[in-house]
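A.B. asks:
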Amino acid sequence: MDVLKRALSCPKAELHVHIEGTLEPELAFALAQRNNIAFPHASVEALRAAYDFSDLQSFLDLYYACADVLRTEQDFSDLMLAYLRRAREDNVVHAEIFFDPQTHTPRGVSFETVLKGLEAGAAIAAAEWGMSTRLILCFLRHLSEEDAFATLELALPFIDRIHGFGLDSSEVGHPPSKFERVFAKCRALGKPVVAHAGEEGPPAYIVEALDLLKVSRIDHGVRAVEDAALTHRLAHDRIALTVCPLSNVRLCVFEKMELHSLPSMLAGGLCITINSDDPAYFGGYLGANIRAVQAAFAFDATTWREFFRNSFDASFVDEAQKEKWL
Ligand code: ES4
Ligand code: ZN
Numbered sequence: 023m024d025v026l027k028r029a030l031s032c033p034k035a036e037l038h039v040h041i042e043g044t045l046e047p048e049l050a051f052a053l054a055q056r057n058n059i060a061f062p063h064a065s066v067e068a069l070r071a072a073y074d075f076s077d078l079q080s081f082l083d084l085y086y087a088c089a090d091v092l093r094t095e096q097d098f099s100d101l102m103l104a105y106l107r108r109a110r111e112d113n114v115v116h117a118e119i120f121f122d123p124q125t126h127t128p129r130g131v132s133f134e135t136v137l138k139g140l141e142a143g144a145a146i147a148a149a150e151w152g153m154s155t156r157l158i159l160c161f162l163r164h165l166s167e168e169d170a171f172a173t174l175e176l177a178l179p180f181i182d183r184i185h186g187f188g189l190d191s192s193e194v195g196h197p198p199s200k201f202e203r204v205f206a207k208c209r210a211l212g213k214p215v216v217a218h219a220g221e222e223g224p225p226a227y228i229v230e231a232l233d234l235l236k237v238s239r240i241d242h243g244v245r246a247v248e249d250a251a252l253t254h255r256l257a258h259d260r261i262a263l264t265v266c267p268l269s270n271v272r273l274c275v276f277e278k279m280e281l282h283s284l285p286s287m288l289a290g291g292l293c294i295t296i297n298s299d300d301p302a303y304f305g306g307y308l309g310a311n312i313r314a315v316q317a318a319f320a321f322d323a324t325t326w327r328e329f330f331r332n333s334f335d336a337s338f339v340d341e342a343q344k345e346k347w348l
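Just add 22 to the spot in the sequence shown (first one is 1) and you have the numbering used here.
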């Protein structure tokens, strides 16, 4: 079997996927109709044609607007189940999935509705296909510290059902330091924390995420290689980086896949995992990311094995479960 086929068929974990970013245009239109919402796009094709982004913000504007069709527990359940059904085709056996409560609660959709719906979809995938999932609550960094604290309060009644916390949305101008106190509280609850850093933001934001937020993984981190001391530190401490190659190209972090920093990251000895981020918006799920990376870099079988081993190793499941997968 060739390297690509083996990489695609290998069991793997996905550690960086936003559930709201798995909303396919077809489902968005179906939910708009079901919920009697006037959706501001003429057709599925017209919506897809709008997926032409110039940077992170141009994507986020559309991503938050589309999320408005998600209203009921059933909607969130359908969204989760659709993602897991699709991820399974790429041999994902475990997924640690981000959700953004602040995208929903200001619209009058309760925290409980979001959480229960996502859990219902995940429960079906667990029963039907044996898929394993964890939910990671992400704070929107363009909003205030106060807003993040209020969201954490909303989560407290359900805290046993939330595995960890993350930080996403517009990076530049919203450094990790803004959320130092929020993350201290999350860690005091005994939860692992992660943060998007070094996607569009500078390597200094990765340093802040490590030093101030005390994250156990860095989401993206593709700009880490601009700082040799940071690269050495990440490699030495085996901090996993959840890299999302198609996302980085679609959001113009790199002009084309051939210019992605993955080879430099590998040369720097970094612990890399490959992920899909917002697969409905960026041209594909994990399998498509693997194909695009392989077309650009033709990595060998050992490198791919290492990426998938890293995905289990860096996951938040207990050691006994890891042993079964590794
Ligand atoms: C995101 Cl690609 C990306 N970056 C930051 N925040 C996000 N939320 C959803 N996708
Ligand atoms: Zn992301």
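A virtual CB, placed ideally from N, CA and C, is assigned to each residue, including glycine. On a predicted model such as this, the values are computed, not experimentally measured, just so you know.
From the DSSP output, which residues share a beta bridge with residue 146?
C.D. replies: Residue 146 pairs with nothing; no bridge assigned.
A.B. asks: Report yes if the C-beta of residue 85 is less than 7 Å from at least one heavy atom of the ligand ES4; otherwise report no.
C.D. replies: Correct: residue 85 has its Cβ closer than 7 Å to the ligand ES4.
A.B. asks: What residue from 276, 261, 23 and 92 has the CA that sits closest to residue 245's CA?
C.D. replies: Considering only alpha carbons, the answer is 276.
A.B. asks: Over what stretch of residues does the alpha helix (DSSP H) that includes residue 208 continue unbroken?
C.D. replies: 202-210 is the span of the alpha helix (DSSP H), which, as asked, contains residue 208.
A.B. asks: Under three-state DSSP, which class holds residue 157?
C.D. replies: Strand.
A.B. asks: Which of helix, strand or coil does DSSP assign to residue 35?
C.D. replies: Three-state DSSP puts residue 35 in a strand.
A.B. asks: Identify, in the order they occur along the chain, each residue of the same chain with its Cβ nearer than 6 Å to the Cβ of residue 115, setting aside the five sequence neighbours on each side.
C.D. replies: Within the same chain, residue 115 has close Cβ partners 33.
A.B. asks: With DSSP as the reference, label residue 88 as helix, strand or coil.
C.D. replies: The answer is helix: DSSP assigns residue 88 an H, G or I state.
A.B. asks: Looking only at C-alpha atoms, which of 58, 31, 89 and 220 sits nearest to residue 47?
C.D. replies: Among 58, 31, 89 and 220, the Cα nearest to that of residue 47 belongs to 89.
A.B. asks: May I ask whether a heavy atom of the ligand ES4 can be found less than 7 Å away from the beta carbon of residue 221?
C.D. replies: Residue 221 Cβ: within cutoff of the ligand ES4.
A.B. asks: Under three-state DSSP, which class holds residue 77?
C.D. replies: Reduced to three states, the DSSP call for residue 77 is coil.
A.B. asks: From 278, 23 and 29, pick the residue whose C-alpha is nearest to that of residue 295; which is it?
C.D. replies: Of the candidates 278, 23 and 29, the one whose C-alpha sits nearest the C-alpha of residue 295 is 29.
A.B. asks: Nearest-angstrom Cα distance between residue 63 and residue 83?
C.D. replies: Their Cα atoms are separated by approximately 14 Å.
A.B. asks: Can residue 78 and residue 268 be called in contact, C-beta distance under 8 Å?
C.D. replies: For residue 78 and residue 268, no; Cβs fall outside 8 Å.
A.B. asks: Could you tell me if residue 23 is buried or exposed, where buried requires 16 or more neighbouring beta carbons within 10 angstroms of its beta carbon?
C.D. replies: Flag for residue 23 reads exposed.
A.B. asks: Does any heavy atom of the ligand ES4 sit closer than 7 Å to the C-beta of residue 191?
C.D. replies: Because some heavy atom of the ligand ES4 lies under 7 Å away, the Cβ of residue 191 counts as near it: yes.
A.B. asks: Looking only at its own chain, which residues have a Cβ that is under 7 Å from the Cβ of residue 196, when we skip the five neighbours before and after it?
C.D. replies: Excluding sequence neighbours, residue 196 sits near 163 and 164.
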